[in-house]
Amino acid sequence: MGMRDKKRNQKRVLARRIAGPRAGEGKDFLPLEGGGPGKRLRKVQEPEEPENTATVVYIGHIPHGFYEDQMQGFFKQFGDIKRLRIARNRKTGKSKHYGFIEFESPLVAKVVADEMNNYLLFEHTLRVTLVPPEKVHPKLWKGVRRGFIPIDRVAIERKKHNKDKTTEEHKKMVEGIVKRDEKRRKRIKAAGIDYECPALLGSTQPSAKKTKFDEDQ
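Quick note on the UniProt record's numbering: the sequence shown kicks off at 1 and runs consecutively.
See the structure below:
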């Protein structure tokens with residue numbers, strides 16, 4: 001085949017491509033929506049995201065030493081903080097390593113949730129999410145203004161121990177001491193130890209004296 005024949009074949013192929021598909025060709029292809037080429041395609045409207053109204057942010061995996069003052073100083077760089085709280089143990093007052101922050105603006109809360117989630121802080125990866133308004137517990141911010149005041153269990157037990165006991169309470173206490181002493185003596189004897197335990201002082205208490213009043217008084 002010479003050069004002329006090759007050029008002729010190329011011209012025929014180009015002419016077929018320009019002319020379009022032959023009869024019977026292109027049946028496997030579906031037409032575009034809208035019919036012909038003269039009609040414009042309709043744009044599919046994507047559903048709009050609901051407007052964010054959440055202002056409360058949950059923060060998890062809070063490291064030790066990062067408490068209320070530190071959180072206030074760190075997160076106020078994003079915007080104004082309305083309230084914040086760290087969950088603490090009622091008995092010991094120690095942090096439970098999660099808390100909540102309420103911002104003045106929902107836009108600031110959204111930025112904090114997006115930017116601070118999975119943030120590495122003192123070798124702890126923070127978990128930050130928005131809390132919808134309908135899921136905020138009504139007692140979440142109860143007592144947050146006065147701060148956390150731990151219960152002094154030692155003072156409570158000291159007061160309970162030192163209070164004046166009635167005759168019945170003292171008698172019950174002495175009975176318990178005597179029972180424990182008898183059990184201890186039996187264990188010593190069963191072990192084959194020859195030991196004479198000292199007697200308990202105050203195990204017997206004299207009965208209270210009755211005061212008689214004259215009928216004239």
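Think of the CB as a built atom: it goes at the ideal place given N, C-alpha and C, for glycine as much as any other residue.
Pairwise C-alpha distance: Arg127 and His170: Each residue's alpha carbon lies about 55 Å from the other.
Could you tell me if Ile177 is buried or exposed, where buried requires 16 or more neighbouring beta carbons within 10 angstroms of its beta carbon? With fewer than 16 other Cβ atoms within 10 Å, it is exposed.
Could you tell me which of Ala191, Arg158, Thr53 and Val131 sits nearest to Gly99, measuring between CA atoms? Of the candidates Ala191, Arg158, Thr53 and Val131, the one whose C-alpha sits nearest the C-alpha of Gly99 is Val131.
Pairing CB atoms from the stretch 153-161 with CB atoms from the stretch 77-85, are three or more of them under 8 Å? Output reads no: the stretch 77-85 does not touch the stretch 153-161.
Can you check whether the CB of Ile62 is closer than 8 Å to the CB of Ile86? It is a contact, given that the beta carbons lie within the stated cut-off.
Classify Ser95 as buried or exposed, calling it buried when 16 or more other Cβ atoms lie within 10 Å of its own Cβ. Ser95 comes out buried.
Check Thr129 in the structure and name its three-state DSSP category. It is a strand residue.
Val136 to Val144, Cα distance in whole Å? Distance between the alpha carbons of Val136 and Val144 is about 15 Å.
From the DSSP output, in three-state form, read off Leu120 for me. Under the three-state reduction of DSSP output, Leu120 falls in the strand class.
Distance between Lys91 and Gln72 (C-alpha atoms, nearest Å): Straight-line measurement puts the Cα of Lys91 at about 24 Å from the Cα of Gln72.
Residues in the same chain with beta-carbon distance under 6 Å from Phe122, minus the five sequence neighbours each way, listed in chain order, please. Excluding five sequence positions before and after Phe122, the CB atoms of its chain that fall closer than 6 Å to its own CB belong to Pro63, given in chain order.
Can Asn52 and Pro106 be called in contact, C-beta distance under 8 Å? With respect to Pro106, Asn52 sits close: the two C-beta atoms are nearer than 8 Å.
Going by beta carbon distance, what residues of the same chain come within less than 7 Å of Val111, once the five residues before and after it are set aside? Phe78.
Own chain residues within Cβ distance below 7 Å of Ala54, not counting five before or after: Hits under 7 Å: Pro106, Ala109, Leu130, Val131, Pro132 and Pro133.
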